[in-house]
Structures are given as structure tokens and as C-alpha cells.
Amino acid sequence: MTATLPERLATGLWRRFAEGLRTVGETIALGAEACAYAARDIVTGRFDWAQTADQAWFMARVSLLPTILVAIPFGVVTSIQVGAVANSIGASSFSGAVNGVGVLRQAAPLVTSLIIACVVGSAICSDLGMRAIRDEIAALEVMGTNPVQRMVAPRIVAAVFLSVMLTAIVAVAAIATGYVMNVGRGVVGAGTYLDAFTNFSQSADLWLAEGKAVLFGLIGTTVAAYKGLGASGGPQGVADAVNQTVVLNVIVLAVVNAVVTQGYLALAPGGGA
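Quick note: the sequence shown uses this note's numbering, first residue 26, plus one each step.
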């Protein structure tokens with residue numbers, strides 16, 4: 026008996042939903058396994074710090090310049106928009122507070138998440154994907170080496186470290202840009218700008234930004250590793266895996282960013298100030 030169009034649509038949607046749940050579960054399992062290996066190897070002194078350093082340097086090479094090139098325009102646009110609103114309501118003296126809090130809570134983690142999703146994630150996925158289609162991953166398994174322990178754990182540690190550093194770089198670049206744009210154009214005095222920034226910004230804002238960075242590095246690398254290790258079908262399969270990595274990372278990291286921010290605003294004392 027031929028299925029009707031609604032039945033086919035329902036079947037297709039259910040299949041995609043089931044595949045999505047399976048992907049989420051396998052990705053979480055991969056991340057947990059890699060973190061467990063990393064923690065155990067660090068404690069026992071068997072962690073491959075050399076490979077981690079190589080991966081961190083590789084990630085820094087491909088992400089540092091794009092991060093700076095994104096952070097500066099981001100700071101310029103934010104300063105212009107905030108300055109325009111502040112002038113319209115007669116609150117120019119608070120531009121330093123708005124810029125500082127906005128950069129620490131949102132701009133720096135957001136830029137970092139984009140770099141992790143688009144630059145670092147695609148690089149990790151393409152690297153592991155090419156190894157997978159050349160049967161290097163299978164060769165490791167044949168030799169009794171766990172590819173998650175050998176290939177994924179060092180990359181996660183390197184990505185988390187890099188994410189923390191990138192967030193700090195973005196924060197410094199964007200805040201400095203906001204200072205130059207507001208003080209340099211005569212919108213507000215240097216002392217007024219800095220007083221507003223120091224009075225309203227909290228140390229918790231910096232911890233929030235760096236906490237987000239740790240999550241972004243962990244999640245972005247895990248998604249990229251999962252897609253890379255599962256790549257098949259030659260170079261075209263690797264290209265498809267890289268594309269899926271970027272799309273998934275952008276969506277997942279945006280959702281995580283929103284959830285963490287709302288949780289912080291709801292739970293942290295003075296978080297909404």
C-alpha cells in the first residue's frame with residue numbers, strides 16, 4: 026500500500042529527528058570520553074603536551090589575525106551605536122560602562138564563538154577528516170591506539186586554552202577601540218569614560234566571558250572532531266563534513282551563549298546592572 030504524502034512527510038521528519046538525537050548523543054559521548062582521557066593522562070603524567078602545543082600554535086596561526094580583524098570593527102560599530110543612543114538620551118557619560126559591559130558579556134564571547142565555529146572548527150574537521158579518509162584513524166585502532174585519546178583530547182585542551190586567550194584579546198581590542206572612538210572624537214572625556222567603565226564593570230563579567238570561552242572551545246572542538254572522524258566519501262565527504270561543522274557550531278554556540286547569559290543575569294548578584 027502506497028503511503029500518503031502526510032505519512033511520508035511525518036516519516037521523514039521522524040527519521041531526521043531520530044538522527045539528530047543520535048548525533049547529539051554521540052557528540053556528547055565523544056566529548057566526555059575525550060575530557061576523561063585528557064584529565065586522566067594529565068594526572069598520570071602521560072598527556073601529550075607536545076602535540077597540544079603544536080595544535081595550539083596551529084589554531085593560533087589560523088585564528089589570531091581574523092579575531093583581531095573582527096574585534097576592531099565590532100568595537101567601532103558598537104561605539105558608534107552606543108554613542109548615538111547615549112547622546113539622544115543625554116547619557117554620554119555612561120558610554121564607557123555600556124561599552125565595557127557589552128564587550129565583556131557579549132561581544133568578546135560572541136566573536137570568539139564565531140572564530141571557533143568557522144575558523145578553528147573547520148581546520149580541525151578538515152585535518153581529522155583527511156586522516157579518516159586516508160585510513161590513518163583505522164590504522165591507529167589496528168595498532169591498539171585510541172584515536173580519541175591520541176587525536177581528540179589534545180585538540181580539545183588546545184582549543185580551550187586558545188578560546189580563553191582569544192576572548193581576552195577580543196576584549197582588550199574592542200574596549201580599546203571603544204575608548205579611542207568615544208574619547209578621540211570628543212564624545213566624552215577620558216576620565217569620565219574610564220570612571221563609568223570601572224564603576225559598572227564587574228569581575229564577574231570577565232569570569233562570565235572566560236567561562237563562555239571554555240565552553241565554546243570544548244563544544245566547538247568536539248563537534249568538529251565528531252564530524253571529522255566520521256567523514257567518508259573522499260574529499261567531497263570531507264568538504265561536506267566541514268560545512269556541517271561550521272553550521273552546527275554556529276547554531277549550537279549561539280544557543281549556548283544565550284542560555285549562559287540568561288542564567289547569569291538571573292542568578293548573579295547585580296548581573297543585570
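Think of the CB as a built atom: it goes at the ideal place given N, C-alpha and C, for glycine as much as any other residue. Nothing here was measured: the structure is a model prediction, and the numbers come from that model.
| query | result |
| --- | --- |
| Exposure label - F42; buried when at least 16 CB within 10 Å | exposed |
| DSSP-derived helix/strand/coil call for Q227 | coil |
| Cβ-based neighbour list, G154, same chain, cut-off 6 Å, excluding 5 preceding and 5 following | G253, A256, V263, A266 |
| Buried versus exposed call for R86 [16 or more other C-beta atoms within 10 Å across all chains shown] | exposed |
| Cut-off 7 Å between Cβ atoms - residues of its own chain near V185, not counting five sequence neighbours on either side | V239, G242, L243 |
| N282 versus W232: straight-line alpha-carbon distance, rounded | 14 Å |
| Test: L290 CB closer than 8 Å to a CB of chain C | Absent from the structure: chain C. Only one protein chain is present. |
| Residues near Y21 by beta carbon distance below 6 Å, same chain, minus five either side | A question about residue 21 goes unanswered here, because the residues of the chain that appear run from 26 up to 298. |
| Sequence-distant residues of its chain with Cβ nearer than 7 Å to T92 (five each side left out) | V136, I140, L191, I194, V195 |
| Beta-carbon gap between A59 and L278 smaller than 8 Å | no |
| Buried or exposed (CB count within 10 angstroms, at least 16 for buried), M84 | buried |
| Any 3 or more C-beta pairs closer than 8 Å across the region 170-181 and the region 62-70 | yes |
| For I149 and R180, believed in contact at Cβ under 8 Å, the rounded distance | 6 Å |
| Supposed contact pair A183 and Q80 - C-beta distance, whole angstroms, cut 8 Å | 4 Å |
| Beta-carbon contacts of G214 that lie in its chain and below 8 Å, excluding the five residues immediately before and after | V208 |
| R71, enclosing alpha helix (DSSP H) - first and last residue | Per DSSP, R71 belongs to no alpha helix (DSSP H) and is neither H nor E. |
| Helix, strand or coil at T247 according to DSSP, with G and I counted as helix | helix |
| For T170, the three-state DSSP class (helix, strand or coil) | coil |
| Residues of its chain near L160, where Cβ-Cβ distance is below 7 Å and the 5 sequence neighbours each way are ignored | Residue 160 is actually Asp in this sequence, not Leu. Excluding positions up to five away in sequence, the list is empty. |
| Reference I201, options G45, V272, P98, closest by Cα | According to the sequence provided, residue 201 is Ala. The question's Ile does not apply to it. Answer by Cα proximity: P98. |
| Rounded distance between the beta-carbons of G245 and N274, thought under 8 Å | 5 Å |
| Start and end residues, alpha helix (DSSP H) containing M190 | 178-209 |
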